[in-house]
Amino acid sequence: GAGVSQSPSNKVTEKGKDVELRCDPISGHTALYWYRQSLGQGLEFLIYFQGNSAPDKSGLPSDRFSAERTGGSVSTLTIQRTQQEDSAVYLCASSLWMGGPEAFFGQGTRLTVV
Amino acid sequence: SQQGEEDPQALSIQEGENATMNCSYKTSINNLQWYRQNSGRGLVHLILIRSNEREKHSGRLRVTLDTSKKSSSLLITASRAADTASYFCATDALQGAQKLVFGQGTRLTINP
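Protein chains in written order, with our numbering: chain C, 1 to 114; chain X, 1001 to 1112.
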């Protein structure tokens, strides 16, 4: 596609429910990142995928968070048993390779846990 | 931690003035990038400067990099109301994991 696509753009869920957030990166980009941004804050790194290498999961805040990338393309971030503190904008980005030359961001998914 | 820190956290200036934002980081890097974010959604890449470069220009943007001080600055000249946004620096480490790590951002407001 022309850019990074994320869905849904907004998601309201009840506390305790599971949610899945989807990211379609730019075709041919081998690196894919997930970040979380709380209101007025910076970007918190969650996880990245680079080609067929094992993903770097060092930023995932708890074992309720997981992500996969199928076929080196689409990625899904899953949050199980959502909590109110999970409310944030979840941003996905892709780049040709890890660290460069630039990352292209989707418009994010705004998750609200009520 | 590799994470960058932007300074100031917020900046408000009059249209036409120059805006300067600073970024500091902790580890040796390959590249440093600046991004802009409008309305809390997707970020847009502005400029990349490599670790062996000291200054780079793109239109009204000027970026400097001082690897000895582990710092960078972004200068926006002749600011416009449309420049109102949050600006973030991002680095990828020279060694180890080369993930992009972002700072906390500077919120820039241009007053007409």
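For every residue, glycine included, the Cβ atom is placed at its ideal position computed from N, Cα and C.
Everything numeric in this text was worked out from a predicted model, so none of it was measured.
At a CB-CB cut-off below 8 Å, which residues of chain X make contact with residue i?
i     : result
C:Y90 : Correct list: empty, because the minimum Cβ distance to chain X is about 11 Å.
Under 8 Å, do residue i and residue j count as touching if we go by C-beta distance?
i       : j       : result
X:I1029 : X:S1079 : no
C:R22   : C:Y90   : no
X:A1010 : X:I1076 : no
C:F45   : C:S75   : no
X:S1086 : X:T1106 : yes
C:W97   : C:A2    : no
X:H1045 : C:E102  : yes
C:T82   : C:E20   : no
Rounded to whole angstroms, what is the Cα-Cα separation between residue i and residue j?
i       : j       : result
C:W34   : X:G1059 : 30 Å
C:F104  : C:G16   : 32 Å
X:A1093 : X:K1070 : 12 Å
C:G108  : X:G1016 : 32 Å
X:E1055 : C:E14   : 49 Å
C:S87   : C:K11   : 10 Å
X:Q1033 : X:V1063 : 9 Å
X:P1112 : X:R1036 : 20 Å
C:G28   : C:A93   : 13 Å
X:S1001 : C:S73   : Model confidence at X:S1001 stands at a pLDDT of 48, short of 50, so the residue's coordinates are unreliable and nothing is read from them.
C:R110  : X:C1023 : 27 Å
X:I1049 : X:N1031 : 6 Å
X:G1042 : C:Q84   : 23 Å
X:D1007 : X:M1021 : 6 Å
List, in chain order, every chain X residue whose beta-carbon is nearer than 7 Å to that of residue i.
i      : result
C:P55  : None at all; the shortest Cβ gap to chain X is about 10 Å.
C:A2   : By Cβ distance, chain X contributes nothing, its closest Cβ being about 13 Å from C:A2, past 7 Å.
C:P118 : Limits of chain C in this structure are 1 at one end and 114 at the other, which puts residue 118 of chain C out of reach.
C:Q107 : R1041 and G1042
DSSP state of residue i, grouped into three classes?
i       : result
X:E1017 : coil
C:T70   : helix
X:A1081 : helix
X:E1053 : coil
C:Q50   : strand
C:E121  : Look at the range of chain C in this structure, 1 to 114, and you will see that residue 121 of chain C is not part of it.
X:I1110 : strand
Using the beta-carbon of each residue, which ones in chain C are nearer than 7 Å to residue i?
i       : result
X:L1065 : Within 7 Å Cβ-Cβ: nothing; X:L1065 doesn't reach chain C, min ~15 Å.
X:G977  : No statement about residue 977 of chain X is possible, as the shown extent of chain X runs from 1001 to 1112 and does not include it.
X:Q1033 : E102
Using a Cβ cut-off of 9 Å, pull out every chain X residue sitting near residue i, in sequence order please.
i     : result
C:P25 : Going along chain X, no residue has its Cβ under 9 Å from C:P25, so there is no contact; the nearest lies around 13 Å.
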